[in-house]
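Enquirer: All letters in the sequence shown, in the order written, are residues 245 to 631 by my numbering. Cβ coordinates follow ideal geometry from the N, Cα and C atoms, glycine included. Treat the numbers as computed from the prediction; the structure is a model and nothing was measured.
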Amino acid sequence: MCDKGFYMFKNKCSLWGCLLIACMIMFASVAAESAENTDKSELLYIQDNIGDDKGPGYYQYPLDRRLKRGTFDIKSFKVKDDGNIITFEIQMRNYIMREWPDSKKTGYQDFVANLWDIYIDIDGIPGSGYKYALPGRDLNFADNMGWEKMIIVSPISEIELEEILNDKIDELEFQDQIPDILFPEYVKIYRDKLVISIAKKKLPRISERSGFQLFAMGYKDLVSPNRLINRDVKSFATKDDFGGGSDYYGDPSIIDLIMPKGCDQYDFLKRHKAQPFRENIQYAEVPFVYKDSERKSPVVTAMDRHKRSLGAPVPVALPTAVPATTPKAVVPESKLEIKYVPIPAPVKPTAAKSSGFVPLKNDRELNVAPPVLPNASGSLFLPLKKP
Numbered sequence: 245m246c247d248k249g250f251y252m253f254k255n256k257c258s259l260w261g262c263l264l265i266a267c268m269i270m271f272a273s274v275a276a277e278s279a280e281n282t283d284k285s286e287l288l289y290i291q292d293n294i295g296d297d298k299g300p301g302y303y304q305y306p307l308d309r310r311l312k313r314g315t316f317d318i319k320s321f322k323v324k325d326d327g328n329i330i331t332f333e334i335q336m337r338n339y340i341m342r343e344w345p346d347s348k349k350t351g352y353q354d355f356v357a358n359l360w361d362i363y364i365d366i367d368g369i370p371g372s373g374y375k376y377a378l379p380g381r382d383l384n385f386a387d388n389m390g391w392e393k394m395i396i397v398s399p400i401s402e403i404e405l406e407e408i409l410n411d412k413i414d415e416l417e418f419q420d421q422i423p424d425i426l427f428p429e430y431v432k433i434y435r436d437k438l439v440i441s442i443a444k445k446k447l448p449r450i451s452e453r454s455g456f457q458l459f460a461m462g463y464k465d466l467v468s469p470n471r472l473i474n475r476d477v478k479s480f481a482t483k484d485d486f487g488g489g490s491d492y493y494g495d496p497s498i499i500d501l502i503m504p505k506g507c508d509q510y511d512f513l514k515r516h517k518a519q520p521f522r523e524n525i526q527y528a529e530v531p532f533v534y535k536d537s538e539r540k541s542p543v544v545t546a547m548d549r550h551k552r553s554l555g556a557p558v559p560v561a562l563p564t565a566v567p568a569t570t571p572k573a574v575v576p577e578s579k580l581e582i583k584y585v586p587i588p589a590p591v592k593p594t595a596a597k598s599s600g601f602v603p604l605k606n607d608r609e610l611n612v613a614p615p616v617l618p619n620a621s622g623s624l625f626l627p628l629k630k631p
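(1) Out of curiosity, what's the CA-to-CA distance linking R539 and D346?
(2) What are the boundary residues of the alpha helix (DSSP H) that includes Q291?
(3) The beta strand (DSSP E) spanning Y434 covers which residue range?
(4) Which residue wins for smallest C-alpha separation from M336, given the options G351, K348, N358?
(5) Taking Cβ positions, are V543 and Q457 nearer each other than 8 angstroms?
(6) Indicate whether L447 and I330 have their beta-carbon atoms separated by less than 8 angstroms.
(7) Roughly how many angstroms lie between the CA atoms of D411 and D361, to the nearest whole one?
(8) Please classify I403: does DSSP put it in a helix, a strand, or coil?
(9) Taking the alpha-carbon positions, what's the A279 to Y434 distance?
(10) Should D414 be labelled buried (16 or more other beta-carbon atoms within 10 Å of its own) or exposed?
(11) Please state whether the Cβ-Cβ distance between R310 and S497 is less than 8 angstroms.
(12) DSSP beta-bridge partners for S468?
(13) For the 8 angstroms Cβ check, are there 3 or more pairs between the segment 473–480 and the segment 503–512?
(14) Output yes or no for whether 8 angstroms exceeds the beta carbon distance between I442 and E429.
(15) In this structure, does DSSP put L501 in helix, strand or coil?
(16) Three or more C-beta pairs under 8 angstroms: does that hold for the segment 361–381 against the segment 482–492?
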């Protein structure tokens, strides 16, 4: 009986030992996987709020029933440096629509309804880069920051998209941006996740100090003054366009985007003012997102720390106040003494001279030599020296 109990206890111990070994193997594999992931440089990872695919907070989806709520809702965004390539992962709330349910048609990139813009502030330095987004977005960038490169992720091919961009010559400033617009070299759909890759040499100097901004929009094969292959926003939703905006120009066509820590998407996007004329539009401005979901670039943060390390400025000694002088007493006019200066009387001509002219000086004062009188011989010449 004792032997039987001993063997049962032994079998239980061996079972627990096997479970313990299995757990150790599982934890070791997880640790190895996490270590493998940490080898890759993660430039940015941010999770976005769920259910904020309303633009400034009041946009409505188009009336097309194929576009279900959550189609344009960003869930997370990740940027990784994998050596020679940069990988971007965009995760949406719903599965990415790979074909239209009724026609079964798909796009060149294996999706049909979505459009994404990825803007990259490579250097993280204020005052550099483009301060405004692509045409049709009606959006600028805040904090005096700008983008040096951007990537368009659309359902159409790179060749077709290049033709569309080059033909949009109604905005000359946009033509200056075209050389810095890139296209993904690899696109793959994993249910609700989109993975794209681009050669690192096309993004020179990209690093942990770089900032990113991701726009989620609806795709539409139309180009006009207020759209560039994106769905527009109008007062009332239609089958093709979003509702809740204005029929004037200036409503941002962004349905969802990423935001830094402590920033509200609705608050930033609603700071716009639509107008019937584009020159009067007040555009909304949105910030970039930097590593650790910060709003400030590490370069700007380092500059702030450097300024603080210099200490407070030395106060400059101000000049002492000059003592006020005692004002002189004002003498009333009745007590002022007026001194009169006598004017000399005019000189009258003497009676000996009847010409009326008064000589300034006499002959002696003018140093005029006296007249030479003739000598005894009758000659007018006098010897200079006696013989």
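Expert: Quick answer:
(1) 43 angstroms
(2) Element bounds for Q291: not the alpha helix (DSSP H) but the beta strand (DSSP E), 285–291.
(3) 430–434
(4) N358
(5) no
(6) yes
(7) 19 angstroms
(8) helix
(9) The predicted position of A279 is uncertain, since its pLDDT is 46 and thus under 50; a value taken from the coordinates is nonetheless stated next. Approximately 24 angstroms between the Cα atoms of the pair.
(10) exposed
(11) no
(12) R471
(13) no
(14) yes
(15) strand
(16) no
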